[in-house]
Amino acid sequence: TQLLEQSPQFLSIQEGENLTVYCNSSSVFSSLQWYRQEPGEGPVLLVTVVTGGEVKKLKRLTFQFGDARKDSSLHITAAQPGDTGLYLCAGGLYNQGGKLIFGQGTELSVKP
Amino acid sequence: ETGVTQTPRHLVMGMTNKKSLKCEQHLGHNAMYWYKQSAKKPLELMFVYSLEERVENNSVPSRFSPECPNSSHLFLHLHTLQPEDSALYLCASSSDRVQAGGNGELFFGEGSRLTVL
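These protein sequence lines are chains A and B, in that order.
Per our numbering, the very first residue in the first sequence carries number 0; after that it's consecutive.
Per our numbering, the very first residue in the second sequence carries number 30; after that it's consecutive.
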């Protein structure tokens, strides 16, 4: 069974703090996507990384794809209440033509 | 507004009812998907349609029956569901069938929250 493990599952922090969310697997991925889902909404794509070791920045969010393409991290600098939501990673399976599997999500709450 | 609209947003049904979930995408995409989202579990892919043809069915019980009359519309017909089927059902679309490779983006609807009594 191919699994994507996200950690932590829950995170509650104060506005201004930094945080990192991890997405790990024993499988190799052709690509790795991060989505954010706000309450009452569907997931929305934040970024796609495709090259081992790749780093992408989106304002205060930094995404990294592991060198071996088995893991990824999302780092948020100076978190704001608007960052609150469920963060989902999704990997395209290298040996199954890019079929996407999702992690179970990290629920982030940023308090003012 | 993602261009993918789901109705109804909320549905409560008994185990003997028959109901349907509807999804419409206004993005000109070729592929549409049904996902099940339960608390603390990964998104579960249920069905994939590419150019109106079902290309994937992930061992979903027959009490869930999908229908894709054209590339813009997708339905999920529900019949004799169980309480454990209560979940958020998400519809998504993409320009190409993501599972066939490529790094295409999935565009999700807001979901239909289903409660089975």
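From the three backbone atoms N, C-alpha and C, an ideal C-beta is built for every residue, glycine too.
Expressed to the nearest angstrom, what Euclidean distance is found between the alpha-carbon atoms of B:Asn-46 and B:Gln-111?
-> 11 Å
Write down the C-beta distance between A:Ile-12 and A:Ala-78 rounded to the nearest angstrom, noting that I regard them as a contact closer than 8 Å.
-> 6 Å
Short CB-CB distance (under 8 Å) between A:Glu-53 and chain B = no
Assign B:Glu-85 to one of three DSSP states: helix, strand, or coil.
-> strand
Would you mind stating whether A:Tyr-86 and A:Gly-65 have Cβ atoms separated by less than 8 Å?
-> no
Leaving out the 5 sequence neighbours to the left and right, which residues in its chain are closer than 7 Å to A:Ser-6 when beta-carbon positions are compared?
-> Tyr-21
Please confirm if B:Pro-71 has its CB atom under 8 Å from at least one CB of chain A.
-> yes
On the premise that B:Phe-137 lies in contact with B:Thr-31, defined as a C-beta separation below 8 Å, what is that separation, rounded to the nearest angstrom?
-> 6 Å
Using a C-beta to C-beta distance shorter than 7 Å, which residues of chain A count as neighbours of B:Leu-119?
-> Gly-41
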